[in-house]
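Only one structure is covered here, and it is reproduced in the block below.
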Amino acid sequence: MAGDHEIDLRVQIGSSLTLPNPILVASGTFGYAQEMSRWVDVGRLGGMIPKTITPFHRPGNSPWRTVETAAGMLNAIGLDNDGIDGFLTQHLPHFLPLACPLIVSIAGASPDDYVQMTRRLSCEPGISALELNLSCPNVAGGVDFGIEPNTGSRLVEQVRAATQLPLMAKLTPNVSNIADIARAAEDAGADGISVINTLLAMAVDWRKRKPMLGNVLGGLSGPAIKPVALRCVYQVAKAVSIPVIGIGGIASIDDVMEFLVTGASAVQIGTANFLDPTLSLRILDDLPNALRYLGARSVAEVVGTLQ
Amino acid sequence: MAELSSCPGYHYRAAQVVQQVSLGKDTYRLRIQCPQIARAIRVGQFVMVRVHGLQDPLLGRAFAIYDTDEDCLDIAYLVHGKMTHQFELLRPGDQVDIWGPLGNGFSMAPTDHLVMVAGGIGQTPFLAMAQHYLGRRRYGAAEMPADAEPLANRVTLCYGARNAEYFAGLDDFRTAAVELRLTTDDGSLGEKGLVTDALQRVLDENTRADGLRVCACGPERMLASVCELVRSHNLNTDRRIPLEVSLETPMACGIGICFSCVAKIRQLDGSWDYRRTCIEGPVFCGEAIVWD
Ligand SMILES: Cc1cc2nc3c(=O)[nH]c(=O)nc-3n(C[C@H](O)[C@H](O)[C@H](O)COP(=O)(O)OP(=O)(O)OC[C@H]3O[C@@H](n4cnc5c(N)ncnc54)[C@H](O)[C@@H]3O)c2cc1C
Ligand SMILES: Cc1cc2nc3c(=O)[nH]c(=O)nc-3n(C[C@H](O)[C@H](O)[C@H](O)COP(=O)(O)O)c2cc1C
Ligand code: FES
Chain L
381 MAGDHEIDLR
391 VQIGSSLTLP
401 NPILVASGTF
411 GYAQEMSRWV
421 DVGRLGGMIP
431 KTITPFHRPG
441 NSPWRTVETA
451 AGMLNAIGLD
461 NDGIDGFLTQ
471 HLPHFLPLAC
481 PLIVSIAGAS
491 PDDYVQMTRR
501 LSCEPGISAL
511 ELNLSCPNVA
521 GGVDFGIEPN
531 TGSRLVEQVR
541 AATQLPLMAK
551 LTPNVSNIAD
561 IARAAEDAGA
571 DGISVINTLL
581 AMAVDWRKRK
591 PMLGNVLGGL
601 SGPAIKPVAL
611 RCVYQVAKAV
621 SIPVIGIGGI
631 ASIDDVMEFL
641 VTGASAVQIG
651 TANFLDPTLS
661 LRILDDLPNA
671 LRYLGARSVA
681 EVVGTLQ
Chain P
24 MAELSSCPGY
34 HYRAAQVVQQ
44 VSLGKDTYRL
54 RIQCPQIARA
64 IRVGQFVMVR
74 VHGLQDPLLG
84 RAFAIYDTDE
94 DCLDIAYLVH
104 GKMTHQFELL
114 RPGDQVDIWG
124 PLGNGFSMAP
134 TDHLVMVAGG
144 IGQTPFLAMA
154 QHYLGRRRYG
164 AAEMPADAEP
174 LANRVTLCYG
184 ARNAEYFAGL
194 DDFRTAAVEL
204 RLTTDDGSLG
214 EKGLVTDALQ
224 RVLDENTRAD
234 GLRVCACGPE
244 RMLASVCELV
254 RSHNLNTDRR
264 IPLEVSLETP
274 MACGIGICFS
284 CVAKIRQLDG
294 SWDYRRTCIE
304 GPVFCGEAIV
314 WD
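Protein chains in written order, with my numbering: chain L, 381 to 687; chain P, 24 to 315.
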C-alpha cells in the first residue's frame, strides 16, 4: 500500500532545480518575505515568487486598484515595486534565511531590460530560478511579450543566453492560442511554463457611469477563473514536455489535485492567500493524503493522468 | 520600506458569532468569539472578517474594534454592500473567518482633552478609544496596568450622520462619559451641518495653548476637511494640536500582500509615495496624508 510509504513530494524543474513540494505561491499575492512570515512558516513552501520586479521603482497605478467581482477580483496594481535595486537591498536579505526556493519574477519594457536584470540577479546568491512575467495586463504602454509566439521566444532566447538559472515563462491567457506561445517558449530554452496570469477584465458602476478601477481595465483572478486556468494547463501540457506550473483560482486541496491530474507538475496559489494567509500550508499538509487516495507514492505519478 | 514589526500573535480563525444586536438604522453590533484577538488588539487596529465558506463575497472586509471582553470582540457595521448584507443574516452559532490584529492603531498619547471626530460609520474605533483614555478599560494585552491613571481628563466626540436614525451606539458613548457634539445633514438631531463645524466650535471654545489632541475617522472627504481645518487652526492660533487620522481605504487582504490599499503618504524628503494603509496605517499623522 502506498499509504505505508513516505510520499515523494519533490518536483524537478530543469536540470538544476528540485522543488521540495509542488505548493508555491504566486507573484503579487504573497508580498515579500516579511509580511507572510508573521502568519506561516514560509520556508516549508515548495517555492515563493515575490511580486514582479522591474528595472526601476514604480509607484503603481492610482486607486482604486482592486475591486471584488463574483467569486473573484480585478486588480490593476500596476507593478508597484521598489525596482531591482530596492529588491536586492531591502527584500532579498529577508529571503535568504528561508528554506524554500526563491523564484524571482521580472518584467521590463524591452528585451534588454529583462537581460540586464537577469545578469544582475544571476550574480546574487539565494535565487533558485527566474520567472519571466511576459504577461502583465496592467501596465499602460508596456509591451506585452506574451501575446505573440515570436516576440516571446526571442525574449526567452536572449534571457536564456544570459544566465544559468532555470527559467520559467509566465503566460497570459489573453491570447488566441496559448499552446503556440508555450511551445515557442520551450523551444527558446524555458525550463517551465507558468499558466495563467490574470484575465483582462472590467467592472463598472452604472449609476456613476464610471469604471470601478482607476486604471479602467484590470486582471481577473480567484475561483472564478479556475476553469479557464485548467483549460490552459491542459492545452499547454499537451504541447510541451517541460513542467507546467498551474495557476488560477486555486483555493483548496481539491483544486490542487485537479491541476495536477490535468497536467500541472506544481501549482501556485494566488488570490486565495488574501482570504486565508495560512491556506498554502494547510493545503500542503493535506497533499499526502490526497495523493494516497489515488494510490500514488509521488506527485510525479499523478501529473497529467486524465483518463 | 518601513520595517515591519515582527511581533508574534497574529491569528487566523474560523470563529463563532455569539450575538448580533441593532445599534441604529442599518447598523449592527456583531459579537464574535475570538479570545486570542480580543485580548491582543489595540485601539485603532482592525480585523478582517468574511463569512466562512462563501466564495461570493470572497475577500475579507476590514472592521475596527467597537469593544472587547476576555473572550469576544465586537465589530459595528453599517449594512452597505455585498459582505455586510451577508452579515445581516448571521445568527449565533454561525461562523466567520477572522484575522488580526492588523494595522498600527492610534498612538494613544496622554492629553488633557481628547477630541474624536467621526463621520458615518467612522465612530466605530472611538468607543474603545474613549474608554481607554478615561481609564475605564484597557485594550491590548499587557499594555498598561489595570489601575492606570486616565490618559485624558475630557473626551469629546464630534459625530456627524445623515439624520438622527443613523447615529449608532450613542448610549454606549454616554455611558462611557463622553461629551457628545452631534451634527446631522437635516438637523433631525444635534446641530444641522457638518461634523467639521462641530469640531471648529470645540477648538474655538478650548483656548488652552496645549493639551488638545484630535483623532478622526470617516469618509475621505470628511477626513480631508478635518486635516485642513486643524492645519489652518494651528496656523492662525499658533497652536500645535496633534491630529491622527484613520483611513478607510478599501482593502483586499489587510495583511500587506496585495498592494491594493495604498494612500499617498508624504515622505521625509517632501515627495509622496503610495503606502499600504493596512500595514503602515490605517492611522496616519494628519499632515502626512496627501489628499487628491
Ligand atoms: C481600517 C478599516 C476599518 C473599517 N471599519 C469599519 C467598521 O468598523 N464598520 C463598517 O461598517 N465598515 C468599516 N470599514 C469598511 C468595511 O471594510 C467595508 O468596506 C464595508 O463594510 C462595506 O463592505 P460591503 O461588502 O458591505 O460593501 P461592498 O460590496 O464591498 O461595497 C462597498 C462600496 O464600495 C463601492 N466599491 C467597491 N469597490 C469599488 C471600486 N473599486 N471603485 C469604486 N467603488 C467601489 C461599492 O460600489 C459600494 O458602494 C472599514 C474599512 C477599513 C479600511
Ligand atoms: C493583486 C494581484 C497582484 C498580482 N501581481 C502580479 C505580479 O506582480 N506579477 C505576476 O506575474 N502576476 C501577478 N498577479 C497574478 C497572479 O500571480 C496569478 O497569476 C493570478 O492572480 C491567477 O491566480 P489566482 O486566481 O490564484 O489569483 C497578481 C494577482 C493579483 C490578484
Ligand atoms: S490590503 Fe492588501 S496590501 Fe493592504
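Backbone N, C-alpha and C fix where the C-beta goes; we use that ideal spot for every residue, glycine too. All values reported here derive from a predicted model rather than from experimental measurement.
Between the Cα of residue i and those of the options, spot the shortest distance and give me the residue it belongs to.
{"i": "S485 of chain L", "options": "L:G426, L:M453, L:Y673 and L:A406", "result": "L:A406"}
{"i": "I288 of chain P", "options": "P:Y297, P:S255, P:L180 and P:T107", "result": "P:Y297"}
{"i": "P435 of chain L", "options": "L:L510, L:M416 and L:D462", "result": "L:D462"}
{"i": "G216 of chain P", "options": "P:V237, P:T230 and P:R185", "result": "P:R185"}
{"i": "G466 of chain L", "options": "L:T446, L:A479, L:L501 and L:L454", "result": "L:L501"}
{"i": "D220 of chain P", "options": "P:E93, P:V74, P:A232 and P:S248", "result": "P:S248"}
{"i": "H330 of chain L", "options": "L:G594, L:L593, L:R418 and L:T409", "result": "For chain L, the structure presents residues 381 to 687; residue 330 of chain L sits outside this window and is missing."}
{"i": "W122 of chain P", "options": "P:D135, P:L291, P:R236 and P:V72", "result": "P:V72"}
{"i": "G408 of chain L", "options": "L:L425, L:G650 and L:N530", "result": "L:G650"}
{"i": "G526 of chain L", "options": "L:P546, L:A509 and L:R563", "result": "L:R563"}
{"i": "M131 of chain P", "options": "P:P148, P:L125, P:G142 and P:V119", "result": "P:P148"}
{"i": "F110 of chain P", "options": "P:C238, P:V70, P:R62 and P:Q43", "result": "P:Q43"}
{"i": "G83 of chain P", "options": "P:R36, P:R236, P:L46 and P:E188", "result": "P:R36"}
{"i": "G318 of chain P", "options": "P:F129, P:R114 and P:Y189", "result": "In the structure as shown, chain P starts at 24 and stops at 315, and residue 318 of chain P therefore has no counterpart that could be examined."}
{"i": "D49 of chain P", "options": "P:M274, P:F282, P:H103 and P:G277", "result": "P:H103"}
{"i": "N176 of chain P", "options": "P:I98, P:L125 and P:D135", "result": "P:D135"}
{"i": "W295 of chain P", "options": "P:I312, P:D90, P:A232 and P:V306", "result": "P:I312"}
Does DSSP classify residue i as helix, strand or coil?
{"i": "D94 of chain P", "result": "coil"}
{"i": "H319 of chain P", "result": "A question about residue 319 of chain P goes unanswered here, because the residues of chain P that appear run from 24 up to 315."}
{"i": "M592 of chain L", "result": "coil"}
{"i": "Q118 of chain P", "result": "strand"}
{"i": "A520 of chain L", "result": "Because the pLDDT at A520 of chain L is just 47, under 50, the model does not fix this residue reliably, and the point stays unresolved."}
{"i": "H34 of chain P", "result": "strand"}
{"i": "A132 of chain P", "result": "coil"}
{"i": "G143 of chain P", "result": "helix"}
{"i": "M428 of chain L", "result": "strand"}
{"i": "A604 of chain L", "result": "helix"}
{"i": "E214 of chain P", "result": "strand"}
{"i": "V422 of chain L", "result": "helix"}
{"i": "Y297 of chain P", "result": "strand"}
{"i": "D388 of chain L", "result": "strand"}
{"i": "S255 of chain P", "result": "helix"}
{"i": "K287 of chain P", "result": "strand"}
Is residue i near ligand 2, with its Cβ less than 6 Å from a heavy atom?
{"i": "T409 of chain L", "result": "yes"}
{"i": "T219 of chain P", "result": "no"}
{"i": "N513 of chain L", "result": "yes"}
{"i": "G183 of chain P", "result": "no"}
{"i": "G650 of chain L", "result": "yes"}
Give me the Cα-Cα distance between residue i and residue j, rounded to the nearest whole angstrom.
{"i": "I507 of chain L", "j": "Q496 of chain L", "result": "16 Å"}
{"i": "M152 of chain P", "j": "C95 of chain P", "result": "17 Å"}
{"i": "E214 of chain P", "j": "P133 of chain P", "result": "29 Å"}
{"i": "R390 of chain L", "j": "T398 of chain L", "result": "7 Å"}
{"i": "A520 of chain L", "j": "V285 of chain P", "result": "With a pLDDT of 47 at A520 of chain L, under the threshold of 50, the predicted position of this residue should be treated as unreliable, though the coordinate-derived value follows. Roughly 19 Å separates the two Cα atoms."}
{"i": "Q414 of chain L", "j": "G32 of chain P", "result": "15 Å"}
{"i": "E303 of chain P", "j": "G67 of chain P", "result": "12 Å"}
{"i": "C308 of chain P", "j": "R424 of chain L", "result": "38 Å"}
{"i": "N557 of chain L", "j": "E271 of chain P", "result": "42 Å"}
{"i": "Q687 of chain L", "j": "I464 of chain L", "result": "45 Å"}
{"i": "D209 of chain P", "j": "I630 of chain L", "result": "49 Å"}
{"i": "S678 of chain L", "j": "Y100 of chain P", "result": "48 Å"}
{"i": "Q375 of chain L", "j": "L478 of chain L", "result": "Absent from the structure is residue 375 of chain L, since the part of chain L shown begins at 381 and ends at 687."}
{"i": "R672 of chain L", "j": "M548 of chain L", "result": "29 Å"}
{"i": "K514 of chain L", "j": "K550 of chain L", "result": "Here residue 514 of chain L is Leu; the residue named in the question, Lys, does not match the sequence. About 6 Å."}
{"i": "D315 of chain P", "j": "R262 of chain P", "result": "26 Å"}
{"i": "A456 of chain L", "j": "Y51 of chain P", "result": "33 Å"}
{"i": "G411 of chain L", "j": "C480 of chain L", "result": "15 Å"}
{"i": "D567 of chain L", "j": "M416 of chain L", "result": "36 Å"}
{"i": "D421 of chain L", "j": "R204 of chain P", "result": "48 Å"}
{"i": "A451 of chain L", "j": "K105 of chain P", "result": "12 Å"}
Quick one: is the Cβ of residue i within less than 6 Å of any heavy atom of ligand 1?
{"i": "F196 of chain P", "result": "no"}
{"i": "F190 of chain P", "result": "no"}
{"i": "G104 of chain P", "result": "yes"}
{"i": "V691 of chain L", "result": "Nothing about residue 691 of chain L can be reported from this structure: the residues present for chain L run from 381 to 687 only."}
- prompt: Listed in chain order, which residues are found with a beta carbon closer than 7 Å to a heavy atom of ligand 3?
  reply: L:F654, P:M274, P:A275, P:C276, P:G277, P:I278, P:G279, P:I280, P:C281, P:F282, P:S283, P:C284, P:R299, P:T300, P:C301 and P:I302
query: Along the stretch 71–90 of chain P, what residues have a CB closer than 7 Å to any CB found in chain A?
result: Looking at the structure shown, chain A is missing, and the protein chains on hand are L and P.
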